[in-house]
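Q: The working numbering numbers the first residue of the sequence shown as 58 and each following residue consecutively. Note that CB positions come from ideal geometry on N, CA and C, so glycine has one too. Note that this is a predicted model, so its numbers are computed, not measured.
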Amino acid sequence: MENGHQYVEEVLKEKYRIPKYQRGYRWTEDNVIKLLEDIYEGRLYEPGKDDCLNENNAYNIFYPKVFDMQEGLFVFSIPKCTYCIQPLVVMETKGVYDVIDGQQRLTTIAIIRAALKRSLETLVSKNSQEVLTLVRKEIVEISYESRQTSREFRQYLYGMREKPQGENIDYDHMLQAFEVSKCYFDELLKKFEDDKVRKKYADYLDDVLCKNTQFIWYEVKDHVDPQKVFANFNTGKIELTNAELIKALFMNPSNYNHSVVKDKQIVISEKWDEIENKLHEPEFWAFVPHINQYETASRQYSTRIDVIFEFFIMELWLETHQDKCVEDYISFRNLNASDKYIFNEVESWINSKLGDLSETEAVMDQCWRRIGKIFSGLKELYFGDSRVYNTAGLYINLCNRRPENVDEYEENNYDTYLYVYHELSNVLNLPRDERENALKKLVRYKVFQKESGIERMIKGIRYNEGKSSDIIKVLLVYNIALLSSSKGTGERFNFLENARNKWEREHIFASNVKTDVNIEGLQDMLDCDEVLNILCGDGYIGYVKYLFDTGDRIEFTHEGNGYELDLSLDTMDEEIRDLFIDASRSSDGNGKNVSFARALRAKREAGYLRECCRKINEIGRIFREEGELKKLLAYQYISSFEGNFHFVENIDFASLENCEETIKTAVLPDIEFTSAEFTYTCKEYQENKDHWPGWLYERDEEGRTNYIVLLETIKNHYQSKLERAVYKQATDNIRRLKDISDIFDGVNDRFIYAGLMLNKITLEKKIDKFFKGSFQELMKDNSMGNMTLLTGNKQRDGIENNISSRGQNQAVSDKAYCEKKKIVYEFYKSGQFVPIGTLLVFTDQYTQERNAAKYWLPNSRLKYLKDMVKTISDFLGESEGVGNE
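1) Under the DSSP definition of a beta bridge, which residues are partnered with ASN551?
2) Using only CA atoms, which one of PHE605, GLN902, VAL181 lies nearest to ASP243?
3) Note down the Cα distance separating SER238 from ALA172, rounded to an integer number of angstroms.
4) Whole angstroms are fine: how far does the CA of LYS268 sit from the CA of GLU67?
5) Who are the Cβ neighbours of PHE932 in its own chain at under 8 angstroms, not counting the five residues just before and after it?
6) What residues in its chain sit with their C-beta under 7 angstroms from that of TYR215, if we drop five residues either side in the sequence?
7) Out of curiosity, what's the CA-to-CA distance linking TYR64 and TYR275?
8) Ordered along the chain, which non-local residues of its own chain (more than five positions away) have a Cβ less than 8 angstroms from that of LEU411?
9) What are the complete alpha helix (DSSP H) segments, minimum 4 residues, inside the stretch 349–437?
10) Can you find the residues in the same chain that come closer than 7 angstroms, C-beta to C-beta, to ASP386, ignoring five residues on each side of it along the sequence?
11) Please classify GLY510: does DSSP put it in a helix, a strand, or coil?
12) In angstroms, rounded to a whole number, what distance separates the CA positions of LEU37 and ALA659?
13) Using a threshold of 8 angstroms, state whether the C-beta atoms of PHE827 and LEU666 are closer than that.
14) Would you mind sorting VAL317 into buried or exposed? The rule is 16 or more other CB atoms within 10 Å of its CB.
15) Do the CB positions of TYR73 and TYR154 come within less than 8 angstroms of each other?
16) Just how far apart, CA to CA, sit GLU327 and GLN161?
17) At which residue ranges does the stretch 586–630 contain complete beta strand (DSSP E) runs of 3 or more residues, listed in the order of the chain?
18) Quick check on DSSP: helix, strand or coil for PRO915?
19) Could you tell me which whole alpha helix (DSSP H) segments of length 4 or greater appear in the stretch 647–686?
20) Pairs of beta-carbons, one from the stretch 514–528 and one from the stretch 472–482, closer than 8 angstroms: are there three or more?
21) With a threshold of 8 angstroms on Cβ separation, who are the neighbours of ASN314 within its own chain once the five nearest residues in sequence on each side are excluded?
22) Which same chain residues end up closer than 7 angstroms to VAL898 when comparing Cβ atoms and leaving out the 5 residues on each side of it in sequence?
23) Could you give the distance in angstroms between the alpha-carbon of GLY159 and the alpha-carbon of GLN143?
24) Does DSSP put PRO144 in a helix, in a strand, or in coil?
25) If we call anything under 8 angstroms between Cβ atoms a contact, is ASP363 one with THR448?
26) Measuring CA to CA, which of LEU455, GLU548, ASP490 is closest to VAL504?
27) What are the boundary residues of the beta strand (DSSP E) that includes GLY61?
28) Please classify GLY517 as buried or exposed, where buried requires at least 16 neighbouring CB atoms within 10 angstroms.
29) By the DSSP assignment, the alpha helix (DSSP H) with THR448 in it spans what residues?
30) Using only the alpha-carbon positions, how far apart do ILE856 and ASP95 sit?
31) For the alpha helix (DSSP H) containing TYR258, list its first residue and its last residue.
32) What's the C-alpha gap between ASP320 and ILE407?
33) I need the straight-line Cα distance from LEU592 to ILE679, nearest angstrom please.
34) Helix or strand or just coil, what does DSSP make of TYR466?
35) Let me know if ASP586 comes out buried or exposed under the rule of 16 or more other beta-carbons within 10 Å of its beta-carbon.
36) Please name the residue or residues paired with ILE332 in a DSSP beta bridge.
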């Protein structure tokens, strides 16, 4: 066969021998599963997802391919795109190919075919044995010089004979690979119930393996330099990677002493596979600097070891040009850009080191050691001390974010990864106990380079202002600092999951969601009362003071006049306060005066509403009692209204609008009307109650509905009726009760209780209106005290989304705080990645009061912001307070 890409079907027709110097078969379950997943990625039937007829009545169940209906059977057609396995390096001797490199992959392919055949045999019924014949069922001819019974064992895997006698560790690994592969195919074939369809699907799977998968075939000739053979592979159709060409250099027998050539090839081949396999682990690959940092499904690198060789080339160039920098190297690379740039530079360096043939082996060893050192250094950063890993990963993450929009990552960042690796390389050259601090300096410069202090920068950030792009940077630093502050080795931040699930900057208390509060029952009233109690305190004002580093005195102007408001006074000048609120009122501003105005307005309104809560509780107690105690409590409650807080005046009769049930069940049946007007009203109700509420919406000659007329009657007469009942012995100027008998005379008792109930309804509506309206506006906050990492969980192009089905596409950014808590908890409970800072925010770490945890109030924000400043300052080496750079 010609050197180049060859389909598995053609490769398996040849005979192979594994020389004694080759190590035994050692692939693990993970290696086998990874190969299966790579071969069949995007090529498998997904029931329920792709079962749909296209316009030609053909079933489109594969993304790049189609299978049609013929005679009631599925005919599977193979996909057009192919999967390429790494090189198979061989040397032909008398019709048999000695495998120099690739025996692990070749053996595994043979095992996979055996597993597919046996899987089909075990799943079909005895009555359908005729469907078992696969198109290609021949056994691959592979002999192992160190294992005399290898042919018999392969026949055993195919189910053609009993297991041969004797034990061999290679057979144990082969059997494990077989069982893993068989389980894989069992799951695929079980999706079909019909034996004939299963057979068709098995044929399709075999087609994908044999006709849609290729080896890079490289045959070494004794009289030909394999390096030149590889260089001439490309005829315009076959494109070999830089790594494949470089590997030819290292596998070339002429580069080594004849006595050690086999040992060298084995060592290099094993290490090469180790590096490539490790770079295919998603989490590690997301840590190694490269183009499109978190695009783990990207086809940018067909062989990922290429990036290690590019780091090697850059190091060599900088060593040669010590007066140059990375930017200069990038210019050099761009000037010499070609598809084979990496291979050409490695080859050029090797040639430059060769003084004579006797030095060849030493040069190759030196080159390979440098490659191993680069790879080992990256592994050490990744697998070593978790603090070093977290800080290095943070630096990599920050460098790969778009400057203009840090919520997104740079794509095709052809230069960034080289700068990042160069800095990491400098860190690796330091003693181990100095690396963490060196990385922290890089992070500090990346995030706080233009600021005079960490605290000042954090306090000055606002979501909807110029520095909003710094929010994600600060939050990431905060999360890493939290992990690093833990005792022992700490935990590792998962940067790949953070990118996959789009954990980005969001408001904790949402800025665009109305709070859903309904005052029903004791529990809800207690919730509201505690929240109002917190807002009545100085927590909100203290939070704003901390944000703006300001004192107790605020100067402002109103209608051309200058004023000063003293926040330190125990009894604040309410007139000045109200002027300040009116002068500074804004729905979405971030300035100091606007923020203070919100805090003062919240305190003012909360004070009034707390009194409403107290009265609601008193009325509730009245209706829980009976007899004389009930009357006494009602009398005390009504007589407590003096001055501007009169009982009747505190009933909003207009609040009865749109409350049909209140009119029907609470007002009319419980009131004994005596006036002609109310007699008429009751008469209307009695005459029309059979078709109530339809009667309410009938219109009179003036176009008014009976509902509006009824409301006006009640609003105009019920208030005066109630006033006469409560204050029948009082004058208009002095409304003061003298005795309980003034109102409870046995005639109007039910009328009075109805008034109390309406009073309670009025007060509840005021509280309800506050939480559904102005509360949302007053709690708006675009500062860091209201920002955390939240997931929109939107799959980005090229990034796999591995969230469980329960959490998939469940965005939390637009939810109320209490709903976010539930969702974040579900993420955490199901084993999904949740940043530690987010976890603390939504597990009441900063909310000591029971119901502050429901709404994320300013006192919680203050604790959170102070902790953020202190944790980051300690982490990056700046003491708490406004620091000096």
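A: Here's the rundown:
1) DSSP lists no partner for ASN551.
2) VAL181
3) 6 angstroms
4) 9 angstroms
5) Result list for PHE932: LYS497, VAL534, ILE537, ALA538, SER541, SER542, in chain order.
6) Excluding sequence neighbours, TYR215 sits near ALA171, LYS174, ILE196.
7) 13 angstroms
8) THR417, VAL420
9) 362–377, 383–392, 398–410
10) Correcting the residue type first, residue 386 is Tyr in the shown sequence and not Asp. Setting aside the 5 residues that flank it on each side, TYR386 is surrounded in the same chain by MET371, TRP374, LEU375, each with a C-beta closer than 7 angstroms to its C-beta; the list follows chain order.
11) coil
12) Lying outside 58 to 942, the shown extent of the chain, residue 37 is not represented and no answer is given.
13) yes
14) exposed
15) In contact: TYR73 and TYR154 (Cβ atoms closer than 8 angstroms).
16) Going by the C-alpha atoms only, they are around 10 angstroms apart.
17) You should have 610–615, 618–623.
18) helix
19) Runs found: 649–681.
20) As far as the Cβ criterion goes, the stretch 514–528 does not touch the stretch 472–482, which means the pair count is below three.
21) GLU418
22) So the list reads ILE565, THR845, TYR921, once near-sequence residues are dropped.
23) 8 angstroms
24) strand
25) No.
26) LEU455
27) 61–64
28) buried
29) Its alpha helix (DSSP H) spans residues 443–456.
30) With a pLDDT of 35 at ILE856, under the threshold of 50, the predicted position of this residue should be treated as unreliable, and no value is reported.
31) 252–268
32) 21 angstroms
33) 28 angstroms
34) strand
35) Taking all protein chains shown into account, ASP586 has 16 or more neighbouring C-beta atoms within 10 Å of its C-beta and is therefore buried.
36) BP columns for ILE332 are empty, so no partner.
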